[in-house]
């Protein structure tokens with residue numbers, strides 16, 4: 002397990018590259034500390050690293066293979082699995098941007114902005130978002146609790162909801178073929 006923490010009130014945005022992650026958990030709290038915890042398993046777990054890079058007021062987080070890692074070109078390498086679970090605990094009212102592939106994403110708390118783009122991963126959100134957009138290709142979107150919404154759209158999936166009034170500003174939920182579920186509205 003890898004654990005890193007940072008205490009910096011100047012950071013206003015966190016960008017998370019979760020493409021290598023199996024699961025991502027993002028939770029806000031009332032404190033000032035940002036804490037990252039990564040659990041890595043699989044054949045190449047010792048060749049993975051958690052990176053943090055600051056660019057002005059933006060903190061970039063990612064999991065990746067060590068730059069010196071040489072992927073063995075053997076017949077069994079296609080069957081060797083890497084599993085990364087990344088947990089991010091961050092102060093409330095920050096802006097968060099997440100991109101992932103098959104990442105199962107669970108988000109809870111209060112966010113100034115939340116922008117999530119996933120391919121096949123599902124996204125579950127419970128909390129308050131001032132502005133944002135959650136997009137998936139085949140992944141499902143689940144929103145728990147009242148939230149101002151400006152769009153709820155799935156092209157080939159189903160939308161399961163109660164009565165929802167769309168506003169000019171709010172959170173956008175969009176998927177190509179994933180279902181969108183709204184609970185406790």
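Numbering (the numbering used here), first residue to last: 2 to 186.
The C-beta atom is built at its ideal place from N, Cα and C for all residues, glycine as well.
Between residue 180 and residue 139, which are expected to be in contact by the criterion C-beta below 8 Å, what is the C-beta distance as a whole number of angstroms?
The residue you call residue 180 lines up with position 179 of the chain shown. The residue you call residue 139 lines up with position 138 of the chain shown. That belief does not hold up - the Cβ atoms of residue 180 and residue 139 are roughly 10 Å apart, past 8 Å.
Where does residue 15 land, buried or exposed, given buried means 16+ other C-beta within 10 angstroms?
Working through the chain shown from its first residue, we reach residue 15 at position 14. So residue 15 counts as buried.
Stretch pair the region 89 to 99 + the region 112 to 120: three plus CB contacts closer than 8 Å
yes
Can you give, in chain order, each stretch of the alpha helix (DSSP H) that sits fully within the region 98 to 153 and has at least 4 residues?
Unbroken alpha helix (DSSP H) runs of no fewer than 4 residues, entirely contained in the region 98 to 153, are not found.
Select from 183, 134, 101, 167 the residue whose C-alpha is nearest the C-alpha of residue 20.
Against the chain shown, residue 20 aligns to sequence position 19. Proximity to residue 20 across 183, 134, 101, 167 peaks at 101, based on C-alpha coordinates.
Nearest candidate by alpha-carbon position, reference residue 134, set 170, 87, 157:
Taking the chain shown and counting its residues from 1, one reaches residue 134 at position 133. That would be 170, whose Cα lies nearest to the Cα of residue 134.
Residue burial classification, residue 11 (beta-carbon count within 10 angstroms, cutoff 16):
Position 10 of the chain shown, counted from the first residue, corresponds to residue 11. By the 10 Å Cβ count, residue 11 comes out exposed.
Pairwise C-alpha distance: residue 50 and residue 182
If you number the chain shown from 1, residue 182 lands on position 181. If you number the chain shown from 1, residue 50 lands on position 49. Between residue 182 and residue 50, the C-alpha separation is close to 34 Å.
Comparing alpha-carbon positions, which option in 65, 29, 40, 9 lies nearest residue 109?
Working through the chain shown from its first residue, we reach residue 109 at position 108. Closest option to residue 109, Cα to Cα, is 29.
Residue range of the beta strand (DSSP E) that includes residue 30:
Within the chain shown, numbered from 1, the residue matching residue 30 stands at position 29. Start and end: 24 to 30.
Just confirm the distance between the C-beta atoms of residue 89 and residue 24, as a whole number of angstroms; I'd bet it's less than 8 Å.
Residue mapping note: residue 89 aligns to position 88 of the chain shown, counting from 1. Residue mapping note: residue 24 aligns to position 23 of the chain shown, counting from 1. Wrong, their Cβ atoms sit about 12 Å apart, outside the cutoff.
Are residue 126 and residue 150 touching if we call contact CB-CB under 7 Å?
For the purposes of this step, residue 126 is taken as the residue at position 125 of the chain shown. For the purposes of this step, residue 150 is taken as the residue at position 149 of the chain shown. Not a contact, by the Cβ cut-off of 7 Å.
State buried or exposed for residue 58, treating a residue as buried only when at least 16 other CB atoms are found within 10 Å of its CB.
Numbered from 1 along the chain shown, position 57 holds the residue referred to as residue 58. With a 10 Å radius around the Cβ and a threshold of 16 neighbouring Cβ atoms, residue 58 comes out exposed.
Suppose the cutoff is 7 Å on Cβ atoms and the five residues either side in sequence are ignored; what does the same chain contact list for residue 80 look like?
Counting from 1 along the chain shown, the entry for residue 80 is found at position 79. Confidence is the limiting factor: at residue 80 the pLDDT is only 49, short of 50, which leaves the residue's position unreliable, though a coordinate-based value still follows. Counting only Cβ-Cβ distances below 7 Å, and skipping sequence neighbours, we find nothing.
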